[in-house]
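Inspection log for the structure reproduced underneath, given as C-alpha coordinates.
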Amino acid sequence: MTSARAVISPTSALRASLVACVAAVLALAGALPASAHAALVRSSPTSGSTLTAVPPEVALTFNESIDPQFTSVTVKSGSTTASTGKPTVEGPTVYQSLDPRMDEGTYTVSYRVTSADGHPVSGSYTFTYKSSGGEDPEPSGSSTSEPSTTSSTSEPSTSSTSEPSSSSTSEPSSSSTSEPSSTSTTTSSSSSTSSTSSTSDTSSSSSTTTPSETTTEPSTTSSSPSTDEPVESTADGSQDGTPWWVWLLVALGGLALLGALVAYLRGRSERQDDEYDFRDDDLR
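If you use mature numbering (1 follows the signal peptide of the UniProt record, and there is no 0), the sequence shown corresponds to residues -38 to -1, 1 to 246, in order.
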(Lines of atoms letter the chains of each structure in order from A and count residues from 1; the text may use other names and numbers.)
(Lines give C-alpha, C1' and ligand atoms only; values in the text may rest on other atoms or scores of the structure.)
Protein backbone atom coordinates (compact mmCIF):
# COMPACT_ATOMS: atom_id res chain seq x y z
CA MET A 1 0.00 0.00 0.00
CA THR A 2 1.43 3.30 -1.05
CA SER A 3 1.46 6.11 1.51
CA ALA A 4 0.32 9.55 0.25
CA ARG A 5 2.61 12.44 1.04
CA ALA A 6 1.89 16.15 0.71
CA VAL A 7 3.48 17.66 -2.37
CA ILE A 8 4.17 21.42 -2.65
CA SER A 9 3.84 22.67 -6.21
CA PRO A 10 6.43 25.14 -7.65
CA THR A 11 3.66 27.70 -8.21
CA SER A 12 2.75 27.75 -4.52
CA ALA A 13 6.38 28.17 -3.46
CA LEU A 14 6.91 31.04 -5.90
CA ARG A 15 3.73 32.72 -4.75
CA ALA A 16 4.82 32.51 -1.12
CA SER A 17 8.19 34.09 -1.94
CA LEU A 18 6.52 36.98 -3.80
CA VAL A 19 4.23 37.65 -0.84
CA ALA A 20 7.24 37.76 1.49
CA CYS A 21 9.05 40.22 -0.80
CA VAL A 22 6.03 42.54 -0.99
CA ALA A 23 5.68 42.50 2.79
CA ALA A 24 9.34 43.42 3.25
CA VAL A 25 9.09 46.32 0.76
CA LEU A 26 5.98 47.71 2.46
CA ALA A 27 7.66 47.52 5.85
CA LEU A 28 10.66 49.48 4.58
CA ALA A 29 8.44 52.09 2.91
CA GLY A 30 6.57 52.68 6.15
CA ALA A 31 9.81 52.99 8.09
CA LEU A 32 11.30 55.75 5.90
CA PRO A 33 9.09 58.64 7.16
CA ALA A 34 9.58 57.53 10.75
CA SER A 35 13.37 57.75 10.43
CA ALA A 36 13.37 61.42 9.26
CA HIS A 37 15.85 63.62 11.13
CA ALA A 38 15.48 67.04 12.73
CA ALA A 39 15.43 70.14 10.49
CA LEU A 40 15.69 73.89 11.16
CA VAL A 41 12.30 75.58 10.60
CA ARG A 42 12.84 79.10 12.05
CA SER A 43 15.71 81.38 13.00
CA SER A 44 16.19 84.84 14.50
CA PRO A 45 17.87 86.79 12.95
CA THR A 46 16.64 85.38 9.68
CA SER A 47 18.92 84.24 6.88
CA GLY A 48 20.19 87.12 4.70
CA SER A 49 18.67 89.87 6.86
CA THR A 50 20.32 93.26 7.62
CA LEU A 51 20.09 94.59 11.19
CA THR A 52 20.61 98.18 12.40
CA ALA A 53 20.94 97.18 16.07
CA VAL A 54 22.83 94.41 17.85
CA PRO A 55 20.49 91.44 18.54
CA PRO A 56 20.66 90.10 22.10
CA GLU A 57 20.81 86.47 20.96
CA VAL A 58 20.42 83.97 18.13
CA ALA A 59 17.36 81.67 18.32
CA LEU A 60 17.16 78.44 16.29
CA THR A 61 13.90 76.44 16.25
CA PHE A 62 13.79 72.84 14.95
CA ASN A 63 10.89 70.51 14.15
CA GLU A 64 11.63 68.24 17.14
CA SER A 65 13.27 68.36 20.55
CA ILE A 66 17.04 68.82 20.77
CA ASP A 67 19.49 67.10 23.14
CA PRO A 68 21.20 69.89 25.17
CA GLN A 69 24.31 67.77 25.87
CA PHE A 70 25.42 67.70 22.22
CA THR A 71 24.59 71.25 21.05
CA SER A 72 27.01 73.91 19.79
CA VAL A 73 26.35 77.30 18.12
CA THR A 74 28.99 79.82 16.95
CA VAL A 75 28.56 83.29 15.43
CA LYS A 76 31.64 84.64 13.60
CA SER A 77 32.67 87.39 11.18
CA GLY A 78 36.03 86.31 9.77
CA SER A 79 38.24 85.66 12.78
CA THR A 80 36.02 87.66 15.16
CA THR A 81 33.67 85.66 17.41
CA ALA A 82 30.45 87.40 18.49
CA SER A 83 28.88 84.50 20.43
CA THR A 84 29.39 84.43 24.20
CA GLY A 85 28.82 81.62 26.69
CA LYS A 86 27.19 78.26 26.06
CA PRO A 87 23.90 77.75 24.20
CA THR A 88 20.72 76.97 26.13
CA VAL A 89 18.02 74.56 24.93
CA GLU A 90 14.29 74.78 25.59
CA GLY A 91 12.50 71.93 23.82
CA PRO A 92 13.01 72.38 20.07
CA THR A 93 14.59 75.89 20.38
CA VAL A 94 18.29 76.67 20.92
CA TYR A 95 19.41 80.12 22.21
CA GLN A 96 22.94 81.56 21.86
CA SER A 97 23.87 84.90 23.49
CA LEU A 98 25.77 87.59 21.51
CA ASP A 99 28.30 90.26 22.48
CA PRO A 100 26.47 93.64 22.69
CA ARG A 101 29.66 95.41 21.49
CA MET A 102 30.00 93.39 18.28
CA ASP A 103 31.40 95.26 15.25
CA GLU A 104 29.61 95.88 11.97
CA GLY A 105 29.93 93.21 9.29
CA THR A 106 28.51 89.98 7.88
CA TYR A 107 28.23 87.16 10.45
CA THR A 108 27.91 83.41 9.89
CA VAL A 109 25.80 81.33 12.29
CA SER A 110 27.06 77.72 12.43
CA TYR A 111 25.21 75.10 14.47
CA ARG A 112 25.51 71.39 15.25
CA VAL A 113 22.79 69.70 17.30
CA THR A 114 21.60 66.17 18.05
CA SER A 115 17.95 65.31 17.45
CA ALA A 116 15.75 63.06 19.56
CA ASP A 117 16.58 59.98 17.46
CA GLY A 118 20.30 60.46 18.21
CA HIS A 119 21.29 61.68 14.75
CA PRO A 120 23.56 64.79 14.48
CA VAL A 121 22.33 67.71 12.35
CA SER A 122 24.48 70.67 11.27
CA GLY A 123 24.09 73.76 9.10
CA SER A 124 24.85 77.48 8.75
CA TYR A 125 23.47 80.79 7.43
CA THR A 126 24.50 84.49 7.38
CA PHE A 127 23.12 87.88 8.44
CA THR A 128 24.52 91.45 8.31
CA TYR A 129 24.81 94.03 11.10
CA LYS A 130 25.13 97.70 10.00
CA SER A 131 24.69 100.56 12.44
CA SER A 132 22.15 103.23 11.47
CA GLY A 133 24.44 106.08 12.65
CA GLY A 134 26.60 105.97 9.51
CA GLU A 135 23.88 106.93 7.07
CA ASP A 136 24.03 110.34 5.34
CA PRO A 137 20.98 112.61 5.66
CA GLU A 138 19.14 113.52 2.51
CA PRO A 139 19.42 117.12 1.19
CA SER A 140 16.72 119.57 2.18
CA GLY A 141 14.13 120.96 -0.24
CA SER A 142 14.90 123.83 -2.67
CA SER A 143 13.71 127.42 -2.31
CA THR A 144 12.42 129.48 -5.25
CA SER A 145 11.95 133.24 -5.49
CA GLU A 146 10.31 135.13 -8.34
CA PRO A 147 11.77 138.41 -9.65
CA SER A 148 9.98 141.66 -8.77
CA THR A 149 8.06 143.59 -11.40
CA THR A 150 8.01 147.41 -11.60
CA SER A 151 5.57 149.41 -13.75
CA SER A 152 5.16 153.19 -14.09
CA THR A 153 2.58 155.18 -15.99
CA SER A 154 2.57 158.94 -16.58
CA GLU A 155 -0.47 160.87 -17.62
CA PRO A 156 -0.25 164.05 -19.77
CA SER A 157 -1.00 167.41 -18.13
CA THR A 158 -3.72 169.77 -19.32
CA SER A 159 -2.98 172.54 -21.80
CA SER A 160 -4.20 176.18 -21.73
CA THR A 161 -5.13 178.28 -24.76
CA SER A 162 -5.66 182.05 -24.81
CA GLU A 163 -8.31 183.55 -27.07
CA PRO A 164 -7.49 186.48 -29.30
CA SER A 165 -8.36 190.06 -28.06
CA SER A 166 -11.05 192.24 -29.58
CA SER A 167 -10.32 194.67 -32.43
CA SER A 168 -11.20 198.41 -32.60
CA THR A 169 -12.28 200.38 -35.71
CA SER A 170 -12.51 204.22 -36.08
CA GLU A 171 -14.91 205.76 -38.51
CA PRO A 172 -13.98 208.85 -40.62
CA SER A 173 -15.26 212.43 -39.72
CA SER A 174 -16.73 215.00 -42.21
CA SER A 175 -16.25 218.90 -42.33
CA SER A 176 -17.83 221.74 -44.57
CA THR A 177 -14.97 223.95 -45.73
CA SER A 178 -13.56 224.90 -49.11
CA GLU A 179 -11.07 222.14 -49.06
CA PRO A 180 -12.11 218.46 -49.00
CA SER A 181 -11.65 216.64 -45.84
CA SER A 182 -9.45 213.69 -45.49
CA THR A 183 -10.55 210.41 -44.16
CA SER A 184 -8.29 208.00 -42.37
CA THR A 185 -9.11 204.61 -41.31
CA THR A 186 -6.93 202.81 -38.99
CA THR A 187 -7.44 199.27 -38.24
CA SER A 188 -5.40 197.61 -35.72
CA SER A 189 -5.67 194.06 -34.78
CA SER A 190 -3.63 192.21 -32.40
CA SER A 191 -3.78 188.71 -31.57
CA SER A 192 -1.78 186.86 -29.15
CA THR A 193 -1.77 183.23 -28.60
CA SER A 194 0.25 181.54 -25.96
CA SER A 195 0.21 178.02 -25.05
CA THR A 196 2.06 176.36 -22.31
CA SER A 197 2.17 172.68 -21.79
CA SER A 198 3.80 170.96 -18.98
CA THR A 199 4.15 167.24 -18.49
CA SER A 200 5.41 165.69 -15.37
CA ASP A 201 6.19 162.04 -15.20
CA THR A 202 5.72 160.40 -11.94
CA SER A 203 7.03 156.91 -11.69
CA SER A 204 5.80 154.53 -9.10
CA SER A 205 7.40 151.20 -8.48
CA SER A 206 5.78 148.17 -7.05
CA SER A 207 7.60 145.02 -6.07
CA THR A 208 6.26 141.55 -5.47
CA THR A 209 8.23 138.84 -3.73
CA THR A 210 7.14 135.26 -3.46
CA PRO A 211 8.18 133.61 -0.21
CA SER A 212 10.46 130.63 -0.51
CA GLU A 213 9.14 127.20 0.09
CA THR A 214 11.19 124.66 1.96
CA THR A 215 10.48 120.97 1.93
CA THR A 216 12.41 118.44 3.95
CA GLU A 217 12.08 114.75 3.28
CA PRO A 218 12.55 112.46 6.24
CA SER A 219 15.32 109.95 6.01
CA THR A 220 14.39 106.30 5.89
CA THR A 221 16.10 103.63 7.89
CA SER A 222 15.97 99.97 6.87
CA SER A 223 15.46 97.48 9.62
CA SER A 224 15.55 93.73 9.64
CA PRO A 225 12.24 91.92 9.25
CA SER A 226 10.82 90.41 12.42
CA THR A 227 9.18 87.48 10.70
CA ASP A 228 10.93 84.16 10.85
CA GLU A 229 11.77 82.32 7.67
CA PRO A 230 12.70 78.68 7.21
CA VAL A 231 16.40 78.06 6.68
CA GLU A 232 17.84 75.14 4.81
CA SER A 233 19.87 72.80 6.94
CA THR A 234 22.38 70.15 5.99
CA ALA A 235 22.06 66.80 7.71
CA ASP A 236 24.99 64.43 8.01
CA GLY A 237 24.06 61.39 5.96
CA SER A 238 25.54 58.30 7.60
CA GLN A 239 24.34 54.76 7.95
CA ASP A 240 24.76 54.91 11.73
CA GLY A 241 21.47 56.79 12.19
CA THR A 242 19.24 54.02 10.69
CA PRO A 243 17.01 52.44 13.37
CA TRP A 244 17.74 48.83 14.31
CA TRP A 245 14.23 47.59 13.55
CA VAL A 246 14.65 48.57 9.88
CA TRP A 247 17.56 46.18 9.60
CA LEU A 248 15.47 43.55 11.41
CA LEU A 249 12.73 43.82 8.79
CA VAL A 250 15.30 43.48 6.00
CA ALA A 251 16.70 40.36 7.65
CA LEU A 252 13.23 38.85 8.05
CA GLY A 253 12.49 39.49 4.37
CA GLY A 254 15.71 37.73 3.40
CA LEU A 255 14.86 34.78 5.62
CA ALA A 256 11.40 34.58 4.04
CA LEU A 257 12.93 34.44 0.56
CA LEU A 258 15.41 31.78 1.69
CA GLY A 259 12.61 29.72 3.28
CA ALA A 260 10.53 29.90 0.11
CA LEU A 261 13.50 28.71 -1.95
CA VAL A 262 14.15 25.81 0.44
CA ALA A 263 10.47 24.81 0.34
CA TYR A 264 10.52 24.87 -3.44
CA LEU A 265 13.62 22.65 -3.64
CA ARG A 266 12.24 20.27 -1.03
CA GLY A 267 8.94 19.90 -2.87
CA ARG A 268 10.76 19.20 -6.09
CA SER A 269 12.84 16.49 -4.40
CA GLU A 270 9.74 14.87 -2.90
CA ARG A 271 8.02 14.77 -6.28
CA GLN A 272 11.01 12.95 -7.76
CA ASP A 273 10.91 10.41 -4.90
CA ASP A 274 7.21 9.79 -5.52
CA GLU A 275 7.85 9.15 -9.20
CA TYR A 276 10.52 6.58 -8.32
CA ASP A 277 8.12 4.83 -5.91
CA PHE A 278 5.38 4.66 -8.55
CA ARG A 279 7.81 3.14 -11.04
CA ASP A 280 8.90 0.49 -8.53
CA ASP A 281 5.29 -0.45 -7.85
CA ASP A 282 4.60 -0.83 -11.56
CA LEU A 283 7.61 -3.07 -12.04
CA ARG A 284 6.47 -5.33 -9.25
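Yeah, the Cβ is synthetic: ideal placement off N, Cα and C, and Gly gets one too.
Review point. What separation, rounded to the nearest whole angstrom, lies between the Cα atoms of Thr68 and His81?
Key: Within the sequence shown, residue 68 is the residue found at index 106, counting from 1. Within the sequence shown, residue 81 is the residue found at index 119, counting from 1. If you take the alpha carbons of Thr68 and His81, they lie about 30 Å apart.
Review point. Between Thr70 and Thr12, is the Cβ-Cβ spacing less than 8 Å?
Key: By 1-based counting over the sequence shown, the position of residue 70 is 108. By 1-based counting over the sequence shown, the position of residue 12 is 50. Not a contact, by the Cβ cut-off of 8 Å.
Practice item. From the DSSP output, in three-state form, read off Ala21 for me. Key: Counted from its first residue, the sequence shown places residue 21 at position 59. Strand.
Review point. Out of curiosity, what's the CA-to-CA distance linking Gly215 and Pro205?
Key: As a first step, residue 215 is located in the sequence shown; it is residue number 253 there, counting from the start. As a first step, residue 205 is located in the sequence shown; it is residue number 243 there, counting from the start. For Gly215 and Pro205, the distance between alpha carbons rounds to 16 Å.
Review point. Are the CB atoms of Leu(-1) and Val56 nearer to each other than 8 Å?
Key: Numbered from its first residue, the sequence shown carries residue -1 at position 38. Numbered from its first residue, the sequence shown carries residue 56 at position 94. Looking at the sequence provided, one finds Ala at residue -1 rather than Leu. No, they are not a contact pair.
Check your understanding: With a Cβ-Cβ cutoff of 8 Å, do Val23 and Val51 count as a contact?
Key -> What you label residue 23 is simply residue 61 of the sequence shown in a count that begins at 1. What you label residue 51 is simply residue 89 of the sequence shown in a count that begins at 1. The question names Val, but residue 23 in the sequence shown is Thr. No, the pair does not count as a contact, with Cβ atoms beyond the cut-off.
Review point. Between Glu194 and Gly229, what straight-line distance do the alpha-carbon atoms span, to the nearest angstrom?
Key: The residue labelled residue 194 in the question sits at position 232 within the sequence shown. The residue labelled residue 229 in the question sits at position 267 within the sequence shown. A caution first: Glu194 carries a pLDDT of 47, below 50, which makes its placement in the model unreliable, though a value can still be read off. Approximately 56 Å, taken between the alpha carbons.
Review point. Secondary structure at Val16, three-state DSSP: helix, strand or coil?
Key: Residue numbering aside, residue 16 sits at position 54 when the sequence shown is read from its first letter. Here Val16 sits in coil by DSSP.
**Study point:** C-beta atoms of Ser27 and Gly53 nearer than 8 Å
**Key:** Within the sequence shown, numbered from 1, the residue matching residue 27 stands at position 65. Within the sequence shown, numbered from 1, the residue matching residue 53 stands at position 91. For Ser27 and Gly53, yes; Cβs fall inside 8 Å.
Review point. In three-state terms, what does DSSP make of Pro63?
Key: Against the sequence shown, residue 63 aligns to sequence position 101. Looking at the sequence provided, one finds Arg at residue 63 rather than Pro. Here Arg63 sits in coil by DSSP.
Practice item. Can you have a look at Val35 and say buried or exposed, based on whether 16 or more other CB atoms are within 10 angstroms of its CB? Key: In the sequence shown, the residue the question calls residue 35 occupies position 73. With 16 or more other Cβ atoms within 10 Å, it is buried.
Review point. Short check: CB of Ala21 to CB of Ser45, under 8 Å?
Key: As a first step, residue 21 must be located in the sequence shown, where it is residue number 59. As a first step, residue 45 must be located in the sequence shown, where it is residue number 83. Not in contact: Ala21 and Ser45 (Cβ atoms no closer than 8 Å).
Check your understanding: Does DSSP classify Pro7 as helix, strand or coil?
Key -> The count along the sequence shown starts at 1 and reaches residue 7 at position 45. Pro7 falls in the coil class under three-state DSSP.
Practice item. Could you give the DSSP three-state label for Gly229: helix, strand or coil? Key: Translated into positions along the sequence shown, residue 229 becomes position 267. Helix.
Point to revise | Close beta carbons around Ala(-23), own chain, < 6 Å, minus the five adjacent residues each side | key: Position 16 of the sequence shown, counted from the start, is the residue given in the question as residue -23. Cβ within range, chain order: Ala222.
Practice item. Quick one: using the 10 Å Cβ neighbour count with 16 as the cut-off for buried, is Tyr238 buried or exposed? Key: Counted from its first residue, the sequence shown places residue 238 at position 276. Classification for Tyr238: exposed.
Review point. Measuring CA to CA, which of Asp29, Leu211, Ser94 and Val(-17) is closest to Asp79?
Key: Walking along the sequence shown from the start, residue 79 turns up at place 117. When each option's Cα is compared against that of Asp79, the closest is Asp29.
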